[in-house]
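Asks:
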Amino acid sequence: MLVSSVDAIVVNGELRKGSAVIVAPYRGPSVFGYETDLPLTRAAQISVHTSPLATLGGKDAGGMNVYIRELAFHLAKQGLPVDIFTRRVDLETPEVRELIPGVNVIAITAGPPEPIGKNELFPYLPEFAEQMALYSLREGVRYDVVHAHYWLSGWVAELARRYWNTPFVQMFHTTAHMKNAVAAQIDRETDLRVRIEKRLLSLADGIVAANPDERADLIWSMGVATEKVCTIPPGVDLELFHPMPRQDARAALGIAAAERVVLFVGRIDPVKGIDTLIDAAEIIAARDVLVPPPTFLIVGGDLDERGDPVGPLANVAEAIATKGIAHSFRLTGSQPQDQLPLFYAAADVVAVPSRYESFGLVAVEALACGVPVVASRAGGLRFTIEEGATGLLVKPRSADALTRGIETILGDDVLRAAMSAAARPSVARYDWATIASQVIHVYQRLASGHRAHLCAGGEIFDMTGSD
Ligand code: UDP
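Residues 41 to 507 (this note's numbering) make up the sequence shown, in order.
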């Protein structure tokens, strides 16, 4: 085996001496230039503020965590090994954990090894990039492409490019620009985030948007070059999320066969619009269209050891108690993802009342389980739900509109059966094998120097038939 030694590394412009480092042989493409048409050998994913292994449904762990984990699995399945870099938040986690052969999660020490709010992380990003560079040097691994998730990781990817000279793909998973457009004053994103996201638009070699609207917003409102932004939605695990008999699911969850069930699944965050769902539940309870009123099953948020809601879920509990509708609600706290098919199968309709949704995995998971969805006409939901065929799209933040949507689907058995039948076939296009191969295509183009026309040629996923 070829062994060379490196006794110094340039870090943040300074020459740092170190002990000899073993560098494994590298037979991949040049890492000091982008131009290569050799097969990709390894990709880095960066997720600074949240790990793909975090508990889902908590404050900062949801669709992005699922996306990174599943993408990595499917890239590895298609022959591209992946290292996922995330910040160390405790002392116990080993530096390298192999999730499956070909997928490692690397814990990078940057800042104190404890949980830190994402708005406090910016000062630690240079250290994160430096430690990533040292890891790769120590282990002798090289990356043909870096895929950064969320703005914090994008900034790290930009710093890492100075060490690795490797192209990077940015995925925002919502921008401050889009989030602020629907946020209350108190929930607004920081100016720092707004500024860094603008910078990343020009710094990134390629950008992946999760839906055509997001792509249009980046191009028309934020001024990024058209050919730099590709639309590739997340995939969905169609094996995990599949239809099953409703009575079995209800029996497993202790839900009566005759009950009507509206299911909400997700983080308890203002952007998810649970306040609109609570208002709709109040309106439904006061009308006599659905008698008795449906049960609202809320999956997500945290419960303490006694089973009482804490954090944002406690605010939900308080709101429904104040309105006198607590008896119509069941708050289960967050659930492991492999339990969710049961919850979806037990529901008559899944409500996704988000103010904004970059893609909205929950809606597609519900459809994959054969359950109709009533969702806000916002972001990716506009493209994943076929209006009138697999669900209904309603005005965001309108409790009246959401009420009408829920009542329409719950009040019409024939419509609901037709929507259920159409649901699963409508999401076959989100199977991971297809999506991962499109991501590889983008990586390949970047690694071979096609930055100028990354998304030209229409070969990227088409959610509308016309993008
Ligand atoms: N999820 C979960 N358990 C929960 C709540 C959510 O596993 O208790 C998962 C859910 O299956 C979905 C993801 O978290 O895959 C949420 O993704 P989505 O795109 O709907 O929302 P985001 O979190 O990205 O805003």
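Built from N, CA and C at the ideal position, the CB exists for glycine as well. Just so it is clear, the structure is predicted and the values come from calculations on it, not from any experiment.
Which runs of the beta strand (DSSP E) spanning at least 3 residues fall entirely within the region 110–185, listed in chain order?
Replies: Taking only runs of at least 3 residues, the beta strand (DSSP E) segments lying wholly in the region 110–185 are 122–127, 136–140, 143–148.
Asks: List in chain order: all unbroken alpha helix (DSSP H) runs of 4+ residues lying wholly within the region 378–453.
Replies: Qualifying alpha helix (DSSP H) stretches, in chain order: 380–386, 401–408, 421–424, 439–450.
Asks: Do you know how far the Cα of T206 is from the Cα of Y74?
Replies: With a pLDDT of 46 at Y74, under the threshold of 50, the modelled position of that residue is not reliable, and the figure given next carries that caveat. Using only the alpha carbons, I get a separation of about 7 Å.
Asks: How many whole angstroms separate the CB atoms of L111 and V479, which I take to be in contact at a CB cut-off of 8 Å?
Replies: Their Cβ separation, rounded to whole angstroms, is 6 Å, which keeps L111 and V479 in contact under 8 Å.
Asks: To the nearest angstrom, report how far apart Q287 and A386 are at their CA atoms.
Replies: One C-alpha to the other measures close to 7 Å.
Asks: Measuring CB to CB, does P273 end up less than 8 Å from Y483?
Replies: Cβ atoms of P273 and Y483: not closer than 8 Å.
Asks: Please report the Cβ distance between S176 and T126, rounded to the nearest whole angstrom; I am assuming they are in contact, meaning their Cβ atoms lie under 8 Å.
Replies: Contact doesn't hold; Cβ gap of about 15 Å is too wide.
Asks: So does S374 have its beta carbon nearer than 7 Å to some heavy atom of the ligand UDP?
Replies: Checking the Cβ of S374 against the ligand UDP gives yes.
Asks: Counting pairs of Cβ atoms below 8 Å between the region 244–264 and the region 390–401, do you hit three or more?
Replies: Judged by Cβ distances under 8 Å, the region 244–264 makes contact with the region 390–401, as three or more pairs qualify.
Asks: Could you give the DSSP three-state label for I226: helix, strand or coil?
Replies: Helix, per DSSP.
Asks: Who are the near neighbours of D227 in its chain, counting only those whose CB is closer than 7 Å to its CB and skipping five residues on each side?
Replies: Hits under 7 Å: P310.
Asks: Tell me which residues share the same chain as G497 and place their Cβ nearer than 6 Å to its Cβ, disregarding the 5 neighbours each side in the sequence.
Replies: Note that G497 scores a pLDDT of 43, beneath 50, so its modelled location is shaky; the value from the coordinates is reported in the next line. So the list is empty, once near-sequence residues are dropped.
Asks: Identify whether T349 lies in helix, strand or coil by the three-state DSSP scheme.
Replies: Sequence inspection shows Pro at residue 349; the Thr mentioned does not correspond to that position. Three-state result, P349: strand.
Asks: Taking buried to mean at least 16 other C-beta atoms within 10 Å of its own C-beta, is I62 buried or exposed?
Replies: Because I62 sits at a pLDDT of 35, beneath the cut-off of 50, its placement in the model cannot be relied upon, and the point is left open.
Asks: Under 8 Å, do G341 and I308 count as touching if we go by C-beta distance?
Replies: Their beta carbons are under 8 Å apart, which means G341 touches I308 by this criterion.
Asks: When the Cα atoms are used, what is the spatial distance from C495 to G489?
Replies: If I take the Cα positions, the gap works out to 13 Å.
Asks: Throw me the rounded Cβ distance for the F304 and I314 pair, which I believe falls under 8 Å.
Replies: Indeed, because the Cβ distance is near 7 Å, the residues count as touching under 8 Å.
Asks: Grab the span of the beta strand (DSSP E) containing I86 for me, first residue to last.
Replies: Start and end: 83–86.
Asks: Please look up how many angstroms separate the CB atoms of Q85 and I124, rounded, as I've assumed it's under 8 Å.
Replies: Between I124 and Q85 the Cβ distance is about 4 Å, and since that is below 8 Å, they are a contact.
Asks: Just list the alpha helix (DSSP H) runs in the region 232–300, keeping only unbroken ones of 4 residues or longer that don't cross its boundaries, in chain order.
Replies: List check, alpha helix (DSSP H) in window: 252–256, 286–293.
Asks: Quick check: the Cα distance between A391 and I259, rounded to an integer number of angstroms?
Replies: Roughly 30 Å between the two C-alpha positions.
Asks: Does DSSP classify A487 as helix, strand or coil?
Replies: Residue state, collapsed to three classes: helix.
Asks: Please report the Cβ distance between A476 and H114, rounded to the nearest whole angstrom; I am assuming they are in contact, meaning their Cβ atoms lie under 8 Å.
Replies: That belief holds up - the Cβ atoms of A476 and H114 are roughly 4 Å apart, short of 8 Å.
Asks: With a threshold of 6 Å on Cβ separation, who are the neighbours of V234 within its own chain once the five nearest residues in sequence on each side are excluded?
Replies: Here the set comprises A216.
Asks: Alpha carbon to alpha carbon, how far is V88 from E345? Give it in angstroms, no decimals.
Replies: Taking the straight line joining both Cα atoms gives about 29 Å.
Asks: Can you tell which of P134, K312, P152 has its C-alpha closest to the C-alpha of L93?
Replies: Comparing Cα positions, the closest option is P134.
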